[in-house]
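Notes for the one structure printed next.
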Amino acid sequence: MKVKKCVFPVAGLGTRFLPVTKELAKEMLPLVNRPIISYGVEEALSSGCDEIVMITGRAKKSIEDYFDRSFELEELLKSRGKTELYEMMLKISNMADILFIRQREPLGLGHAVLCAEPVCKNEFFGVALPDDVFINKDAPILSQLIKVHEKLGGTVIALEEVAPEKVSRYGIVQTQFSIENGIYKISDMIEKPKNEEAPSNLAIMGRYVLSPSIFPILKEQKAGAGGEIQLTDALKTLADQEPVWGVVYKGRRFDCGTQTGWLSANIQLALNDPELRDVVLEVVKNETE
Ligand code: G1P
Numbered sequence: 010m011k012v013k014k015c016v017f018p019v020a021g022l023g024t025r026f027l028p029v030t031k032e033l034a035k036e037m038l039p040l041v042n043r044p045i046i047s048y049g050v051e052e053a054l055s056s057g058c059d060e061i062v063m064i065t066g067r068a069k070k071s072i073e074d075y076f077d078r079s080f081e082l083e084e085l086l087k088s089r090g091k092t093e094l095y096e097m098m099l100k101i102s103n104m105a106d107i108l109f110i111r112q113r114e115p116l117g118l119g120h121a122v123l124c125a126e127p128v129c130k131n132e133f134f135g136v137a138l139p140d141d142v143f144i145n146k147d148a149p150i151l152s153q154l155i156k157v158h159e160k161l162g163g164t165v166i167a168l169e170e171v172a173p174e175k176v177s178r179y180g181i182v183q184t185q186f187s188i189e190n191g192i193y194k195i196s197d198m199i200e201k202p203k204n205e206e207a208p209s210n211l212a213i214m215g216r217y218v219l220s221p222s223i224f225p226i227l228k229e230q231k232a233g234a235g236g237e238i239q240l241t242d243a244l245k246t247l248a249d250q251e252p253v254w255g256v257v258y259k260g261r262r263f264d265c266g267t268q269t270g271w272l273s274a275n276i277q278l279a280l281n282d283p284e285l286r287d288v289v290l291e292v293v294k295n296e297t298e
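In terms of this note's numbering, the sequence shown opens at residue 10 and continues consecutively.
In structure tokens:
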């Protein structure tokens, strides 16, 4: 069965971006002229998922509004002959069927995924953490995972090799064997381990294809690292019951949940844009002269 649904947990508070995130959802911060969330949704759509499920929280209404129609703005743009902008607005609101589910308490990523159970309980589904933005010429990261799922079945998670001093920021996996270059069977995993506890330097990145068998496990899952219900802990249990594969994806990731990652993504996107590239180079040149 095809992976048609993709879940986006978007209830996080964005404290690393305060004060701007006091009023603005962190997923709405701009990457040039599009919000962070738009990149993840476009990736899911181009990976073949056409049903988007967002797990939202308080103060996230701007995400719903962004993907909704805006009749006043559309009329204004149309009446002023700004056809290109008018069409751009229509394209955004027609982009996808999006279902919003409220996560009432911020109990962690595992809990956020559990909130998607009513719509995903009978099928394999994608999960995309929107902070992880992939800017690359390779196939969309989620599609790389779906391809492995279609070939091998089971759950698939995105992996990246990280420097030893960074393992404590991520979920880290233990591999059992490699089935082909960059594709591993996962036997164990641990969320945010200390450097000396980490079973490898292969870190989980924010893309998953999950088995619906994760839901009963999540229901029983006790709080783990940071006092939160962790998806990684539930995946560890799942790996004892069903195959869980890890894929070292091809592409470049920016962690837009941090100021440095967000800024780097903006600079990279501007450098990729023929109209903005010279502006960036000019500023850097003036600064270094
Ligand atoms: C989450 C996951 C973690 C993963 C990371 C990737 O952590 O819990 O396993 O490595 O995303 O970005 P968070 O960044 O929400 O703390």
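Using N, Cα and C, we set each Cβ at its ideal position, and we do this for glycine too.
None of the values given here were measured: they were computed from a predicted structure.
#### Entry: For residue 183: DSSP bridge partner residues
In the DSSP output, where bridge partners are listed per residue, residue 183 has 197.
### Query
Can you tell me the Cα-Cα spacing of residue 16 and residue 74, whole angstroms?
Straight across, the Cα-Cα distance linking residue 16 with residue 74 is about 18 Å.
### Query
Is the CB-CB distance between residue 9 and residue 48 below 7 Å?
Residue 9 lies beyond the range of the chain shown here (10 to 298); nothing can be said about it.
### Message
Give me the DSSP bridge partner(s) of residue 219.
### Response
Partner(s): 134.
### Query
Is it a yes or a no for the segment 38 to 47 touching the segment 81 to 93, going by three-plus beta-carbon pairs under 8 Å?
By the Cβ rule, the segment 38 to 47 does not count as touching the segment 81 to 93, because fewer than three pairs are nearer than 8 Å.
#### Entry: Identified DSSP bridge partners for residue 63
Beta-bridge pairing links residue 63 to 17, 109.
#### Entry: Short Cβ contact (7 Å threshold) for residue 274 with residue 263
Between residue 274 and residue 263, the C-beta spacing is below 7 Å.
### Query
Regarding residue 179 and the ligand G1P, is the C-beta to nearest heavy atom distance less than 6 Å?
At least one heavy atom of the ligand G1P is nearer than 6 Å to the Cβ of residue 179, so yes.
### Query
Looking at the structure shown, is residue 161 part of a helix, part of a strand, or coil, going by DSSP?
In the structure shown, residue 161 sits in a helix (DSSP, three-state: H, G or I).
### Task
Determine the closest residue to residue 178 out of 198, 202, 162, with distance taken between C-alpha atoms.
Among 198, 202, 162, the Cα nearest to that of residue 178 belongs to 202.
#### Entry: For residue 207, three-class secondary structure by DSSP
Look at residue 207 here: in three-state DSSP terms it is coil, with no helix or strand label.
### Query
What are the start and end residues of the beta strand (DSSP E) that includes residue 264?
Boundaries of the beta strand (DSSP E) harbouring residue 264: 262 to 264, taken from the DSSP string.
### Task
State yes or no: is the C-beta of residue 163 within less than 7 Å of the C-beta of residue 252?
Yes, Cβ-Cβ distance for residue 163 and residue 252 is below 7 Å.
### Task
Measure the beta-carbon distance from residue 250 to residue 222 and round it to whole angstroms, keeping in mind my assumption that it falls under 8 Å.
With 8 Å as the limit, residue 250 and residue 222 qualify as a contact, their Cβ atoms being about 7 Å apart.
### Message
I want to know whether the segment 107 to 122 touches the segment 29 to 38 - three or more CB-CB distances under 8 Å.
### Response
Taking a cut-off of 8 Å for Cβ pairs, the segment 107 to 122 and the segment 29 to 38 do not touch, as fewer than three such pairs fall below it.
### residue 45: CB within 6 Å of a non-hydrogen atom of the ligand G1P
Checking the Cβ of residue 45 against the ligand G1P gives no.
### Query
Count the other CB atoms within 10 Å of the CB of residue 228; is the residue buried (16 or more) or exposed (fewer)?
Under this definition residue 228 is an exposed residue.
### Backbone CA spacing between residue 106 and residue 127 [nearest angstrom]
Their Cα atoms are separated by approximately 16 Å.
### Task
Tell me residue 143's beta-bridge partners as DSSP assigns them.
Assignment of beta-bridge partners to residue 143 by DSSP yields 262.
### Residue from 238, 199, 260 whose Cα sits closest to the Cα of residue 149
Out of 238, 199, 260, 260 has the C-alpha closest to the C-alpha of residue 149.
### Message
Could you check if residue 104 belongs to the surroundings of the ligand ZN, using beta carbon to heavy atom distance under 6 Å?
### Response
The ligand ZN is absent from the structure shown, which contains only the ligand G1P.
### Query
Per DSSP, what kind of secondary structure is residue 82 in: helix, strand or coil?
Here residue 82 sits in helix by DSSP.
### Closest residue to residue 19 among 66, 54, 29, 25 (Cα-Cα distance)
Comparing alpha carbon positions, the residue from 66, 54, 29, 25 closest to residue 19 is 66.
### Query
Are the Cβ atoms of residue 137 and residue 53 separated by less than 7 Å?
For residue 137 and residue 53, yes; Cβs fall inside 7 Å.
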